[in-house]
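Under our numbering, residue 550 is the last one in the sequence shown; the count climbs by one each step, no gaps.
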Amino acid sequence: MITDKQIADFQRDGVVKLNGVFADWVEVMAAGVARNLAKPGEYASENDVKQGRFFDDYCNWSRIPEFERIVRESPAAELAAKIMQSYSAQFFHDHVLVKESGTPTPTPWHQDGPYYFVEGEQTVSMWIPLDPVDKASLRFIAGSHKWDRMVRPVSWADDSDFYEGDHDWIPVPDPDADPDGMTVLEWPMQPGDAVLFDYRTVHGARGNMSGSTRRALSLRWVGDDARYVERQGRTSPPFPGHGMVTGQRLRQDWFPVIWGQS
Numbered sequence: 289m290i291t292d293k294q295i296a297d298f299q300r301d302g303v304v305k306l307n308g309v310f311a312d313w314v315e316v317m318a319a320g321v322a323r324n325l326a327k328p329g330e331y332a333s334e335n336d337v338k339q340g341r342f343f344d345d346y347c348n349w350s351r352i353p354e355f356e357r358i359v360r361e362s363p364a365a366e367l368a369a370k371i372m373q374s375y376s377a378q379f380f381h382d383h384v385l386v387k388e389s390g391t392p393t394p395t396p397w398h399q400d401g402p403y404y405f406v407e408g409e410q411t412v413s414m415w416i417p418l419d420p421v422d423k424a425s426l427r428f429i430a431g432s433h434k435w436d437r438m439v440r441p442v443s444w445a446d447d448s449d450f451y452e453g454d455h456d457w458i459p460v461p462d463p464d465a466d467p468d469g470m471t472v473l474e475w476p477m478q479p480g481d482a483v484l485f486d487y488r489t490v491h492g493a494r495g496n497m498s499g500s501t502r503r504a505l506s507l508r509w510v511g512d513d514a515r516y517v518e519r520q521g522r523t524s525p526p527f528p529g530h531g532m533v534t535g536q537r538l539r540q541d542w543f544p545v546i547w548g549q550s
């Protein structure tokens, strides 16, 4: 299912592409995305794009049966544990992203980590397209998960600071305008392929002018060393009322351990 070389590539670059690992689950994922679009959750957003449509929504796996099947029954949890080099794989949340054709708005360069209330070296997000993807795939800055500071998190709607107060953030990079030795990785993908990346890996995506819709499901996981950390403001996702304190493992009644032992 995954080779030693792929694990080493992930550890070195912060991202790796796996071909066809969810090919048997594409129809189930597509049914879940259709259900999500028909009945969006409380966090659904249209991202204020001026042309086309960029829908996203997250934290719906417990109400959408197709997503729960994928979390509990697909190879995702075992893959997560192996790529993170962790004894366990604990599910964090799901994220649906639908970028319609004719949507030129790019997804800004960012790291997921600063938006979350979790820190650790054993984290992985799986981005799984449900349509063939060429020009609208994810793009990654190789090795950015090892940078000594985190990238400034911003609101995608207006580029304002996501958190108030002073922080020692790195400015949002632009490897296209100022490559400065940065290596950008991106791949054409087929339905059921997946890119697996560390929460700290800087990534973005082009707009979608491909002529077809780009649907994708992301599954986010944490491993043995991941711990709750308090941020200076509302995180994304927020999970109100979680009751956790800094240094604690994520509570398993909300974030179940699917693979291995807690």
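Built from N, CA and C at the ideal position, the CB exists for glycine as well.
Comparing C-alpha distances from GLY548 to each of ALA368, GLY329, VAL309, ILE290 shows the shortest one belongs to ALA368. Unbroken beta strand (DSSP E) stretches of 3 residues or longer found wholly inside the stretch 389-471: 395-398, 411-417, 426-429, given in chain order. If you look at ALA493, you'll find it isn't in any alpha helix (DSSP H); it sits in the beta strand (DSSP E) that goes 491-493. In the structure shown, the three-state DSSP call for GLN549 is coil. When only Cα atoms are considered, GLN540 and ASP468 end up about 42 Å apart. ILE458 and TYR451 have their C-alpha atoms roughly 14 Å apart.
If you compare the alpha carbons of GLY320, ASN307, THR395 with that of CYS347, the shortest gap goes to GLY320. Checking the DSSP bridge columns, you'll see HIS381 partnered with ARG508. In the three-state reduction of the DSSP assignment, VAL517 falls in the coil class. Counting only residues of its own chain and dropping the five nearest sequence neighbours on each side, ILE352 has a CB closer than 7 Å to the CB of GLY320, ARG323, ASN324. Taking ASN307 as reference, the option from GLU518, ASP297, ILE290 with the minimal CA-CA separation is ILE290. For ARG502, the secondary structure class from DSSP, reduced to helix, strand or coil, is strand.
DSSP places LEU484 in the uninterrupted beta strand (DSSP E) bounded by 482-485. For the set SER506, SER362, VAL533, HIS398, the Cα lying nearest the Cα of ARG515 is the one of VAL533. For ASP345, the pairing in a beta bridge is given by DSSP as VAL384. Excluding its 5 nearest sequence neighbours in each direction, VAL337 has C-beta neighbours in its own chain below 8 Å: THR391, THR393, listed in chain order.
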